[in-house]
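Using the working numbering, the letters of the sequence shown correspond one by one to residues 196 to 514. Below you'll find the structure, written out as structure tokens, and then a few comments.
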Amino acid sequence: MIGRFPILYIAEADAEDAVLSSGVLAHLVESLPHATFTIVGSAASAPLFADTPRLTKLIVLEREGHFEWIALWNQVRATKWGLVVDMRGSDLSGKLRRHKRAVRGKDQPGLHAVEAAAAVLKLEPDEIPAPKLYVSDETRAQVEALIPATGGDGPILAVGPGVEWMGKRWPAERYAKVAAKLLADDGPLAGGRLMIVGEEIDREAAHTIRYAVPRARVIELQGRLTRLQTVAALSASVLYIGADSIWTQLAVASGAPVVAVFGPSDETVRGPWKGEAVRGPRTYDEFKKLDPRLNQAIQHMMDLPWERVLKAAQRMLKR
196 MIGRFPILYI AEADAEDAVL SSGVLAHLVE SLPHATFTIV GSAASAPLFA
246 DTPRLTKLIV LEREGHFEWI ALWNQVRATK WGLVVDMRGS DLSGKLRRHK
296 RAVRGKDQPG LHAVEAAAAV LKLEPDEIPA PKLYVSDETR AQVEALIPAT
346 GGDGPILAVG PGVEWMGKRW PAERYAKVAA KLLADDGPLA GGRLMIVGEE
396 IDREAAHTIR YAVPRARVIE LQGRLTRLQT VAALSASVLY IGADSIWTQL
446 AVASGAPVVA VFGPSDETVR GPWKGEAVRG PRTYDEFKKL DPRLNQAIQH
496 MMDLPWERVL KAAQRMLKR
């Protein structure tokens, strides 16, 4: 049954973009307690919102062709919406019956993606909501069942080394060195555990990183969790360290403190919100001069020393 104030939220097709904007949906959930939600996403982004409170319907838009949009129109046109929020900037929202609508246009250059998303609701600078994905008790229980009871109950350091392009890949050996220092007997996370998240393809990097601590203190979850389950797992960590990737944005959405390694990426636009982005001596513009389309098979991240990332992690833990 549709509530008194039904909201239609059309999320981005790209999962990472959808996570960066997720604070907008969370803001609506928390500020409008009588609202119900119908959420539209792609096969990649829709599952991220499966545990949203008061979710009436989750619609997967498999493709963005003409016939797919017509099919979506047929599913949502009968409702008079209290609010339609369209993060894809489509024409659909203008054709629906609704009291209000908020449509994302072209983002202002140089504006962080989280701020650009908040601008859709015309929120004030001090109201900008951080990325947030909701996780149900059932999802948490599924994750807890996968975490071994061995290794004690010390603090968890999470690491997400996986990236989609080798140009953003930071050497696994350097993640291992940072983790070893943080989890050492004289480190700030002494006696803690090491959690590794990512895809199955990240297993080789994970095998390198896991040697930072004794095997019994390692929680390897790469390839074993959905992305929403990953949010549940990361919410238990006291610190996350990762690359410019979906895993880092999931960590932000989990509420974990985040340190991210950046190189051929613009941290002013996609850096970890309220976290810390660390880069080597070269700026983003310098990387673009070398690799204009940012798609060459070059290991751009070799000039970022592990000591710099360690110092950033230590600063974050002191906060």
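A virtual CB, placed ideally from N, CA and C, is assigned to each residue, including glycine.
Where residue i and residue j are concerned, what is the direct C-alpha to C-alpha distance, given to the nearest angstrom?
i	j	result
K513	F244	32 Å
K301	A311	9 Å
W468	T334	24 Å
R364	M496	6 Å
K295	A308	23 Å
A221	G236	16 Å
L203	A238	17 Å
A400	A431	22 Å
L178	Y406	With the chain represented from 196 up to 514, any question about residue 178 goes unanswered, as that position is not in the structure.
G355	M511	17 Å
A210	S288	21 Å
G382	A472	22 Å
Nearest CA to the CA of residue i: which residue from the options?
i	options	result
Y370	V456, F482, T463, R488	V456
L505	V454, R477, W468, M496	V454
D286	V298, W360, R293	V298
D435	M496, P350, D209	The sequence as given places Tyr at residue 435; Asp does not occur at that position. If we check each option's Cα against that of Y435, P350 comes out closest.
T233	E263, W268, R258, L215	W268
Between residue i and residue j, which are expected to be in contact by the criterion C-beta below 8 Å, what is the C-beta distance as a whole number of angstroms?
i	j	result
V280	V330	With 8 Å as the limit, V280 and V330 do not qualify as a contact, their Cβ atoms being about 21 Å apart.
A230	L223	6 Å
Q417	I391	6 Å
Is DSSP giving residue i helix, strand or coil here?
i	result
G198	In this predicted model, G198 has a pLDDT of only 49, less than 50, meaning its place in the structure is not dependable enough to derive any value.
K252	strand
V454	strand
D281	strand
T478	coil
Y435	strand
K513	helix
L420	coil
L499	coil
Compare the beta carbon distance of residue i and residue j with 8 Å and say whether it is the shorter of the two.
i	j	result
L420	A446	no
A241	L253	yes
G393	W442	yes
V219	A313	yes
S440	E359	yes
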